[in-house]
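Undergrad:
In the numbering used here, the protein residues as written are 31 to 125.
Rendered as structure tokens:
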């Protein structure tokens, strides 16, 4: 295994449990946030954005929202990143 390999992106999507979901508004439309996209930055820190569906129904626009600074959401992101690392480390190669 070579540490010279350049990996340009590591990202996961995490489903937000019902109890932790929230609503936010963009361009006059309310969205219920259901997914967090977590990216591993080159410096080892995590970056997050939330995505969801319009409260009124339909597909709506693919719009990102900031993730609120709440301990339970930070724990969800941290746990998901750790779990993703376990899954990547145990991969079985190309299927």
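Just so it is clear, CB atoms sit at the ideal spot from N, CA and C, and this is done for glycine as well.
Model, not experiment: these values are computed from the prediction.
1. Going by other Cβ atoms of all chains shown within 10 Å of its Cβ, with 16 needed for buried, is residue 106 buried or exposed?
2. Between residue 63 and residue 103, what straight-line distance do the alpha-carbon atoms span, to the nearest angstrom?
3. Considering only C-alpha positions, which residue in the set 108, 121, 89 is nearest to residue 59?
4. Provide the residue span of the alpha helix (DSSP H) that contains residue 48, from first to last.
5. Can you list, in chain order, the stretches of the beta strand (DSSP E) that have 3 or more residues and sit fully within the stretch 50-82?
6. Which of helix, strand or coil does DSSP assign to residue 86?
TA: On the basis of the coordinates in this document:
1. buried
2. 12 Å
3. 89
4. Residue 48 -> no alpha helix (DSSP H), and no H or E assigned at all.
5. 53-56, 59-70
6. coil
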